[in-house]
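**Q** For reference, the structure I am asking about is given below.
Residue numbers (this note's numbering), protein chains in the order written: chain U, 1 to 100; chain G, 1001 to 1286.
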């Protein structure tokens, strides 16, 4: 049970942490690009292309984390299975004296 | 539109069920048991959105994409005139833009790479877009198909590297700038070269599969006349284009890295850079 709890927590926190760092990085990239475009509006085309490229690179790191999420997500049990297991465990504990 | 997406879902459920009965792969078996318990229970919930799509169906869709591109090419060449009009004009604009794009990154000798880069870009863009149409599925939502694209680009880049630099030059390319440092640099260079097809594949797969999952989840939340996922469809069309462009840009960059002159030689290609602009301004002022 601890395994499933740890797995659920890890899956819950994995992608958001990656998204947080990616958001910071993408903000810096976009800020630099926008500042360059404000200084030299005639270079907007090249700067925009470079900005899109940088954003896609940073985003792809988040996508790797999402891939790990999808890979690990299969190991999580279904809620109905867990609930029936808990009920079965509670039923067994009710009929038999607790050993602890 | 949500109705057609739930029809889409049920088609997928049916396919996964059939696969489970014939004993599919472990991934599909897991989600198919989920689908069978749901179907046996009698309620029609959405299937597991994280289910990896069926490879045979996606291969059929990718053949369809290839046929569409072929049809486009053949239709553009029909009664070709030297002053193009109509459909031929549009096709020539597409090819010219791809040519400019490739030459802009690789440099003056880049025209010979336009066929590969252009085909990769158009194939990926069309494959991504076709998943938005109900009834069709994007081939790029399968890691196998994107990995195939990555391997094609990888083999082509290595082949170009060997052809341009010769075998000795190609091996020296991995040694780094100084021969004294090569025991340190060579493993890093080789690993980073071998990981390129995987990063290309996973980036494309993750983006397109992820947006597919988002569309499915949003479509199953919305009710019939409130299609919640329509805005995300517009965003999906943008990311399709961006991912195709990123794949093409990376292909061009890997090709240009192999021939030892990097992008810095081509700063004069698209007009002046900022330093040259300032130098010209200082020259012309009295």
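Every residue, glycine too, gets a C-beta built ideally from N, C-alpha and C.
Since residue 1140(G) and residue 1205(G) should fall inside the 8 Å C-beta cutoff, what is the C-beta to C-beta distance between them, to a whole number of angstroms?
**A** Residue 1140(G) to residue 1205(G), Cβ: 7 Å. Contact.
**Q** Which residues in chain U sit within 8 Å of residue 1210(G), going by Cβ to Cβ distance?
**A** Neighbours of residue 1210(G) on chain U, chain order: 63 and 66.
**Q** For residue 1137(G), name the three-state secondary structure that DSSP assigns.
**A** Of the three classes helix, strand and coil, the one that applies to residue 1137(G) here is coil, per DSSP.
**Q** At which residues does the alpha helix (DSSP H) containing residue 1203(G) begin and terminate?
**A** Counting along the chain, the alpha helix (DSSP H) containing residue 1203(G) begins and ends at 1196–1221.
**Q** Between the alpha carbons of residue 1137(G) and residue 90(U), how many angstroms are there, rounded?
**A** Computed Cα separation, rounded: 46 Å.
**Q** Could you spell out the range, first to last residue, of the alpha helix (DSSP H) harbouring residue 1258(G)?
**A** Its alpha helix (DSSP H) spans residues 1230–1258.
**Q** Tell me, to the nearest whole angstrom, how far the beta carbon of residue 1232(G) is from that of residue 1130(G); I am working on the premise that it is less than 8 Å.
**A** Wrong, their Cβ atoms sit about 17 Å apart, outside the cutoff.
**Q** Would you call the CB atoms of residue 1153(G) and residue 67(U) closer than 8 Å?
**A** No, the pair does not count as a contact, with Cβ atoms beyond the cut-off.
**Q** Where does residue 11(U) sit, in a helix, a strand or coil, going by DSSP?
**A** Residue 11(U): helix per DSSP, three-state reduction.
**Q** Quick one: using the 10 Å Cβ neighbour count with 16 as the cut-off for buried, is residue 1258(G) buried or exposed?
**A** Burial call: buried.
**Q** Closest by CA to residue 56(U), which one among 72(U), 23(U) and 14(U)?
**A** Nearest C-alpha to residue 56(U): 23(U).
**Q** Would you mind sorting residue 1210(G) into buried or exposed? The rule is 16 or more other CB atoms within 10 Å of its CB.
**A** Residue 1210(G) comes out buried.
**Q** Please confirm if residue 1246(G) has its CB atom under 8 Å from at least one CB of chain U.
**A** With 8 Å as the cut-off, residue 1246(G) counts as an interface residue toward chain U.
**Q** Using a Cβ-Cβ distance cut-off of 8 Å, determine whether residue 1207(G) contacts chain U.
**A** Closer than 8 Å: yes.
**Q** Leaving out five residues on either side along the sequence, give the residues of the same chain with a beta carbon under 7 Å from the beta carbon of residue 1077(G).
**A** Correct list: empty, nothing qualifies.
**Q** On the DSSP letters alone, give me the boundaries of the alpha helix (DSSP H) that residue 1071(G) sits inside.
**A** First-last of the alpha helix (DSSP H) with residue 1071(G): 1055–1077.
**Q** Looking at the C-beta of residue 1085(G), does it have a partner C-beta in chain U at a distance below 8 Å?
**A** Cβ-Cβ to chain U under 8 Å: no for residue 1085(G).
**Q** Within the 8 Å Cβ cut-off, does residue 24(U) reach chain G?
**A** Cβ-Cβ to chain G under 8 Å: no for residue 24(U).
**Q** Assign residue 5(U) to one of two classes, buried (16 or more other C-beta atoms within 10 Å of its C-beta) or exposed (fewer than that).
**A** Answer is exposed; the Cβ neighbour count stays below 16.
**Q** For residue 1085(G), which three-state DSSP category applies?
**A** It is coil, neither helix nor strand.
**Q** Does the CB of residue 86(U) have a neighbour CB from chain G at under 8 Å?
**A** Not closer than 8 Å to any Cβ of chain G, the Cβ of residue 86(U) fails to qualify, so no.
**Q** Measure how close the beta-carbons of residue 34(U) and residue 72(U) come, nearest whole angstrom, since I'm counting them as under 8 Å.
**A** Residue 34(U) to residue 72(U), Cβ: 37 Å. No contact.
**Q** Return the first residue and the last residue of the alpha helix (DSSP H) that residue 1226(G) is part of.
**A** First-last for residue 1226(G): undefined, no H or E at that position.
**Q** Going along chain U, which residues have a C-beta under 9 Å from residue 1106(G)?
**A** Those within 9 Å of residue 1106(G) in chain U number zero; the least Cβ separation is about 14 Å.
**Q** If residue 18(U) and residue 61(U) are in contact, beta carbons under 8 Å, what's the gap, nearest whole angstrom?
**A** Residue 18(U) to residue 61(U), Cβ: 7 Å. Contact.
**Q** Give a yes or no on whether the minimum CB-CB distance between residue 1042(G) and chain U is below 8 Å.
**A** Unreliable placement is indicated for residue 1042(G), whose pLDDT of 35 sits below 50; the coordinate value is still reported in the next sentence. No, no contact with chain U.
**Q** Should the region 1185–1200 of chain G be called in touch with the region 1147–1164 of chain G, which here means at least 3 C-beta pairs below 8 Å?
**A** At 8 Å Cβ cutoff, the stretches touch.
**Q** Give a yes or no on whether the C-beta atoms belonging to residue 1117(G) and residue 1239(G) are separated by under 8 Å.
**A** Their beta carbons are not under 8 Å apart, which means residue 1117(G) does not touch residue 1239(G) by this criterion.
**Q** Can you list, in chain order, the residues of its chain with a C-beta nearer than 7 Å to that of residue 1241(G)? Leave out the 5 residues immediately preceding and following it.
**A** Closer than 7 Å at the Cβ level, and outside the excluded window around residue 1241(G), lie 1125.
**Q** So residue 1214(G) contacts chain U; which residues on that side make the cut at Cβ distance below 9 Å?
**A** Simply none; closest approach about 11 Å.
**Q** Give me the Cα-Cα distance between residue 1157(G) and residue 1102(G), rounded to the nearest whole angstrom.
**A** Their Cα atoms are separated by approximately 14 Å.
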